[in-house]
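Numbering (full-length UniProt numbering), first residue to last: 1 to 179.
Have a look at the structure below before the remarks.
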């Protein structure tokens, strides 16, 4: 919540959406807590949890499938780290496509203004936000920012999967050879 408020904050001349006008991180925590209580600090989590769930599921499923697909094409010699790299690249595209709608919804939920009871003034929750965006702006509105999202998610996905795969191979080697 605090991170999103601070990232969205800008000068009035270029501001888009609701501005929270926090002076610092500690000021943001204090203001949110004072106005909305502990629940205010967790507002929007109902958009973040599905995002991470879908992202992890897509990442793992597509990596395994892509790795098999790359292996069958025999582009690289057996056991090469390039297989995991290529599979990670394929998986990274799927992750960005799957997660971007959740990023859009989460950002809207986090950044919406709230009433005196701490309830969102624009959306009632994750599903309401999803329906309103796709209904009013079209389904492609859920993919706003997919380019920057890929630039953030792509390298993370590729490197995480590559390192995980190489470390897994190293651990298996050590277990088999009692090293």
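Even glycine gets a Cβ: it sits at the ideal position worked out from N, Cα and C.
As the structure is a computational prediction, the values presented were derived from the model and not from experiment.
So what does DSSP say about residue i, is it helix, strand or coil?
{"i": "residue 3", "result": "In this prediction, residue 3 has a pLDDT of 46, which is less than 50 and means its spatial position is unreliable; nothing more can be read from the coordinates."}
{"i": "residue 79", "result": "coil"}
{"i": "residue 120", "result": "strand"}
Sorted by chain position, which residues of the same chain lie with C-beta nearer than 6 Å to residue i's C-beta, five sequence neighbours on each side aside?
{"i": "residue 122", "result": "112"}
{"i": "residue 80", "result": "none"}
{"i": "residue 60", "result": "none"}
Can you give me the start and stop residues for the alpha helix (DSSP H) that residue i sits inside?
{"i": "residue 161", "result": "146–176"}
{"i": "residue 141", "result": "Where residue 141 is concerned, there is no enclosing alpha helix (DSSP H), given that its DSSP letter is neither H nor E."}
{"i": "residue 25", "result": "25–41"}
{"i": "residue 131", "result": "126–137"}
Sorted by chain position, which residues of the same chain lie with C-beta nearer than 8 Å to residue i's C-beta, five sequence neighbours on each side aside?
{"i": "residue 141", "result": "104, 133 and 134"}
Are the Cβ atoms of residue i and residue j separated by less than 9 Å?
{"i": "residue 86", "j": "residue 66", "result": "yes"}
{"i": "residue 157", "j": "residue 106", "result": "no"}
{"i": "residue 162", "j": "residue 88", "result": "yes"}
{"i": "residue 159", "j": "residue 129", "result": "no"}
{"i": "residue 57", "j": "residue 165", "result": "no"}
{"i": "residue 63", "j": "residue 38", "result": "no"}
{"i": "residue 126", "j": "residue 54", "result": "no"}
Excluding sequence positions up to five away, which residues of its chain have a Cβ less than 7 Å from the Cβ of residue i?
{"i": "residue 48", "result": "106"}
Quiz item: Is the region 82–96 touching the region 142–160, taking contact as three or more C-beta pairs under 8 Å?
Solution: yes
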